[in-house]
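For reference, the structure is listed below as structure tokens.
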Amino acid sequence: MDRRFSRRKDSEPRVNNRIVAREVRVISPEGEQLGIMSTSEALRIAEEQGLDLVEVAPDSRPPVCRIMDYGKYKYTQKKKMQSAKRKAASQQLKEVKLRPKTEEHDYQVKIKHVHRFLQEGNKVKVTIRFRGREMAHRDIGMAMLNRIIEDAGELATVATAPVMEGRLLHMILSPSQKALKMKKEREEKRRAEEGAQAKKNEAGQEQQKDRQD
Numbered sequence: 002m003d004r005r006f007s008r009r010k011d012s013e014p015r016v017n018n019r020i021v022a023r024e025v026r027v028i029s030p031e032g033e034q035l036g037i038m039s040t041s042e043a044l045r046i047a048e049e050q051g052l053d054l055v056e057v058a059p060d061s062r063p064p065v066c067r068i069m070d071y072g073k074y075k076y077t078q079k080k081k082m083q084s085a086k087r088k089a090a091s092q093q094l095k096e097v098k099l100r101p102k103t104e105e106h107d108y109q110v111k112i113k114h115v116h117r118f119l120q121e122g123n124k125v126k127v128t129i130r131f132r133g134r135e136m137a138h139r140d141i142g143m144a145m146l147n148r149i150i151e152d153a154g155e156l157a158t159v160a161t162a163p164v165m166e167g168r169l170l171h172m173i174l175s176p177s178q179k180a181l182k183m184k185k186e187r188e189e190k191r192r193a194e195e196g197a198q199a200k201k202n203e204a205g206q207e208q209q210k211d212r213q214d
């Protein structure tokens, strides 16, 4: 157990001797309820196991503490945050714009873009702009968005339902689990092909070297 976790930042829980409550409800490392006991007794139990006492619910009465390896916990949380940031950074918001009078050929081009963006793991904002008297036919725009949802099929889920803002009707589609799986499979295939090509190049270099020798 590392008693160096003494200073507390606003975003961090109280740990070990920084816990101010005299009495706490304790949870074991396995998630078992150990009941309410004095903080000193809880600290003793944690110390016997070589672990830390961490205040996980300070607003409860009494506060709830869990016995854990706090250093390992912080490391795990940091990795989760980094993974979430990478995932958020890799997912972009693409936009596809249409008009109520978009012709069929142009529509097919747009829906291909929607499919591609979703398969790349990106969200897609679909926007329909109305001009002048077209505002009287907003139902056409709504029907077009519903058609896009249908044509996107299993690749998409509706993240934001269609909403009208001024002269713009828009919605946001998120890639479905199927789309994300397709993206992962493509990336794995690409890495495998790159690895195979690298080995092939290396073998070629070795053969060339042998001929020179």
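Residue numbering for the sequence shown follows the numbering used here, starting at 2 and increasing by one per position.
C-beta: ideal position from N, C-alpha, C; glycine also.
Measuring straight from C-alpha to C-alpha, what distance separates residue i and residue j?
i: residue 66; j: residue 82; result: 23 angstroms
i: residue 184; j: residue 68; result: 40 angstroms
i: residue 131; j: residue 170; result: 8 angstroms
i: residue 180; j: residue 127; result: 18 angstroms
i: residue 46; j: residue 85; result: 34 angstroms
i: residue 12; j: residue 74; result: 14 angstroms
i: residue 50; j: residue 31; result: 13 angstroms
i: residue 117; j: residue 25; result: 54 angstroms
i: residue 159; j: residue 55; result: 40 angstroms
Within the same chain, show all residues whose beta-carbon is closer than 7 angstroms to that of residue i, passing over the 5 residues directly before and after it, in chain order.
i: residue 215; result: Residue 215 is absent from the model: the chain starts at 2 and stops at 214.
i: residue 149; result: 112, 115, 127
i: residue 141; result: 101
i: residue 29; result: 35, 68
Count the other CB atoms within 10 Å of the CB of residue i; is the residue buried (16 or more) or exposed (fewer)?
i: residue 136; result: exposed
i: residue 15; result: buried
i: residue 77; result: exposed
i: residue 147; result: exposed
i: residue 40; result: buried
Going by DSSP, what residue range makes up the beta strand (DSSP E) through residue i?
i: residue 157; result: 157-166
Excluding the 5 residues preceding and the 5 following residue i in the sequence, name in chain order all residues of the same chain whose CB lies nearer than 6 angstroms to its CB.
i: residue 70; result: 52
What are the start and end residues of the alpha helix (DSSP H) that includes residue i?
i: residue 139; result: 139-153
Query raised in the report: Which residue spans inside the region 20-74 form an unbroken alpha helix (DSSP H) run of at least 4?
Result: 40-49
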